[in-house]
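Start counting the sequence shown at 135; every next residue gets the next number (this note's numbering). Have a look at the structure below before the remarks.
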Amino acid sequence: MSNLSNTGRLSDDQISEYYREGFIVARGLVPSATVDLVVEQEKKIPTNPDGSWTPKIFEHGNPTLDAALHRLLIEPSVVTAVEQIMEAPARVYYGMAAIVPAKGGKGLAWHQDNQYDFILGRALNVFIALCDITLDKAILWVAPRTHLLGVQASEYVGGHHQTPEPANGMPLPTLKKGDAAIFDRNTLHHSKRNETSENRYAYAAQYQEDKARSAKSGVADPDKMLASDLRRMWAPILGL
Numbered sequence: 135m136s137n138l139s140n141t142g143r144l145s146d147d148q149i150s151e152y153y154r155e156g157f158i159v160a161r162g163l164v165p166s167a168t169v170d171l172v173v174e175q176e177k178k179i180p181t182n183p184d185g186s187w188t189p190k191i192f193e194h195g196n197p198t199l200d201a202a203l204h205r206l207l208i209e210p211s212v213v214t215a216v217e218q219i220m221e222a223p224a225r226v227y228y229g230m231a232a233i234v235p236a237k238g239g240k241g242l243a244w245h246q247d248n249q250y251d252f253i254l255g256r257a258l259n260v261f262i263a264l265c266d267i268t269l270d271k272a273i274l275w276v277a278p279r280t281h282l283l284g285v286q287a288s289e290y291v292g293g294h295h296q297t298p299e300p301a302n303g304m305p306l307p308t309l310k311k312g313d314a315a316i317f318d319r320n321t322l323h324h325s326k327r328n329e330t331s332e333n334r335y336a337y338a339a340q341y342q343e344d345k346a347r348s349a350k351s352g353v354a355d356p357d358k359m360l361a362s363d364l365r366r367m368w369a370p371i372l373g374l
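Below, the structure is given as structure tokens:
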């Protein structure tokens, strides 16, 4: 769980750790100024009145919608880290602003991203802290090396997959604003409750390598744009 190098690139040790453990923590991956821009957009999203986790999802069919909210999908430091791990151009698989409301807001149960759509090829999730996230603020939990086990059986309850709690589940250390956890789609993960008086703001940016395919269809989804192409599309919108 080491810091980025001075160039902003992942080190060889970090990449080895990712493949060995199924996750890494990349400190300071996203500049603070960029985080502030995204938080400004997330604060406009009303949280669910029942205290449940509140998402706002990137729409592949309308990619210019809410570009300011989803700009982390094309953040150079994020895409660089992802493409280092994948050793291939990255396609944007999924993007989600994720808010866990204050005073008892609930996160998600233990699950694997590949339980939703099994991607054949390299694919991963970049969970970006948009505020300081502590143990009592719905920190992300992971189960090391569960990426080696393949897709596990799960129950589908209320629109979400759920698996039994793994024996080796562990909370990440406090994530500071701009830190990121990068983990494999087969790594079991979840978050508990936000017991603090402030909303927990985060963003989940998911990517697949250029040639990855869906196990359901057997083909590469043409709607999943290359991160580089999405950046060109958004450049005039975001003033890049």
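Note that CB positions come from ideal geometry on N, CA and C, so glycine has one too. On a predicted model such as this, the values are computed, not experimentally measured, just so you know.
Check	Outcome
Close Cβ partners of residue 340 (< 6 Å) along its chain, the five nearest in sequence each way excluded	227, 228 and 259
Every unbroken beta strand (DSSP E) inside the stretch 266-314 [3 residues or more]	274-276, 289-291 and 294-296
According to DSSP, residues forming a beta bridge with residue 343	224
Length of the line joining the Cα atoms of residue 235 and residue 276	21 Å
For residue 360: DSSP bridge partner residues	225
Range of the contiguous beta strand (DSSP E) that encloses residue 179	That residue, residue 179, is in no beta strand (DSSP E); it is neither H nor E in DSSP.
contact_flag[the stretch 331-345, the stretch 247-265] where n(CB pairs < 8 Å) is 3 or more	yes
Segment contact flag, the stretch 307-323 with the stretch 271-285, C-beta cutoff 8 Å, min 3 pairs	yes
Outcome for residue 302 when other beta-carbon atoms lying within 10 angstroms are tallied against a minimum of 16	exposed
Whole-angstrom distance between residue 244 and residue 326, CA atom to CA atom	9 Å
Between the CA atoms of residue 192 and residue 199 - distance to the nearest angstrom	8 Å
Residue range of the unbroken alpha helix (DSSP H) whose run includes residue 208	Run containing residue 208: none; DSSP gives neither H nor E here.
Short Cβ contact (9 Å threshold) for residue 338 with residue 230	yes
Rounded Cβ spacing between residue 250 and residue 295 (contact assumed at less than 8 Å)	7 Å
C-alpha distance - residue 237 paired with residue 165, whole-angstrom precision	28 Å
Exposed unless 16 or more other CB atoms sit within 10 angstroms - verdict on residue 370	exposed
DSSP state of residue 146 mapped onto helix, strand, coil	helix
C-alpha gap between residue 333 and residue 315, whole angstroms	19 Å
Best match in 374, 194, 328 and 181 for proximity to residue 379 [C-alpha to C-alpha]	Coverage of the chain is limited to positions 135 through 374, which leaves residue 379 absent and any answer about it impossible.
Bridge-paired residues (DSSP) for residue 190	231
Distance, residue 288 Cα to residue 356 Cα	28 Å
Distance between beta carbons of residue 173 and residue 274, contact taken as under 8 Å	18 Å between Cβ atoms; not a contact.
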